[in-house]
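Colleague: Residue numbers (this note's numbering): 16 to 138.
Using N, Cα and C, we set each Cβ at its ideal position, and we do this for glycine too.
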C-alpha cells in the first residue's frame, strides 16, 4: 500500500517479537502455517509483507521491561515467541492436532457443516 502512493522504502516495526508459534492456552490464534513468521527469518517476513526491512522487539528486552512493573514475577508465558510452553507437555503430536482444528480451512469446513467451533475450556 505504501509503495502504491510513492514510498521508496517501507519499514515495519513491531513492539513485540515475531509470533512464530501457536498459542495452546486458549487464545484462538492462527495455525502455525498461517503465521507469517513461523519457520521464516525476518528477511523472509519482510519479503512476504512487501517491506524492505522488519524490526521486532527483542524477547529478552520485552521480558525485562515487563518485569520492571513486578519484579516478583519470575517467568512469563512467551510461547508464541519462542515455542517454549510453560506446561512443558506440548508435543508435536498435540500441535499437529491443534493445527488440524484451528486452520482457516478447518474452521470453514466446520462452519459449512453447521457445527459450532467449541472452546476447549467450555463445559
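#1: Which residues in the same chain as residue 117 place their Cβ atom closer than 6 Å to its Cβ, once the five residues preceding and following it in sequence are excluded?
#2: Can you find the residues in the same chain that come closer than 6 Å, C-beta to C-beta, to residue 141, ignoring five residues on each side of it along the sequence?
#3: Which one of 77, 39, 115 has the shortest CA to CA distance from residue 102?
#4: Rounded to whole angstroms, what is the Cα-Cα separation between residue 137 and residue 26?
#5: Need the endpoints of the alpha helix (DSSP H) that residue 109 sits in, please.
#6: Going by the CB atoms, is the gap between residue 63 and residue 78 shorter than 8 Å?
#7: What are the start and end residues of the alpha helix (DSSP H) that includes residue 95?
#8: Just checking my contact of residue 94 with residue 36 at CB under 8 Å: how many whole Å lie between their CB atoms?
#9: Would you decide whether residue 96 is buried or exposed? Buried here means 16 or more other CB atoms lie within 10 Å of its CB.
Modeller: From the atom records:
#1: The count along the chain shown starts at 1 and reaches residue 117 at position 102. Cβ neighbours of residue 117 beyond the five flanking positions: 46.
#2: Absent from the structure is residue 141, since the part of the chain shown begins at 16 and ends at 138.
#3: Residue numbering aside, residue 102 sits at position 87 when the chain shown is read from its first letter. The residue with the shortest Cα to Cα distance from residue 102 is 39.
#4: Locating residue 137 in the chain shown gives position 122, counting from the first residue. Locating residue 26 in the chain shown gives position 11, counting from the first residue. Only weak support is given to the placement of residue 137: the predicted model assigns it a pLDDT of 45, under 50, and the value that follows is read from those uncertain coordinates. So the alpha carbons of these two residues sit roughly 41 Å apart.
#5: By 1-based counting over the chain shown, the position of residue 109 is 94. Taken as a continuous stretch (DSSP letters only), the alpha helix (DSSP H) holding residue 109 covers 107-117.
#6: Sequence index remark: in the chain shown, residue 78 carries index 63 (1-based). Sequence index remark: in the chain shown, residue 63 carries index 48 (1-based). It is not a contact, given that the beta carbons lie outside the stated cut-off.
#7: Numbered from 1 along the chain shown, position 80 holds the residue referred to as residue 95. Here the alpha helix (DSSP H) through residue 95 covers 94-97.
#8: In the chain shown, the residue the question calls residue 94 occupies position 79. In the chain shown, the residue the question calls residue 36 occupies position 21. Their Cβ separation, rounded to whole angstroms, is 6 Å, which keeps residue 94 and residue 36 in contact under 8 Å.
#9: Reading the chain shown from its first residue, position 81 is the one you call residue 96. Flag for residue 96 reads buried.
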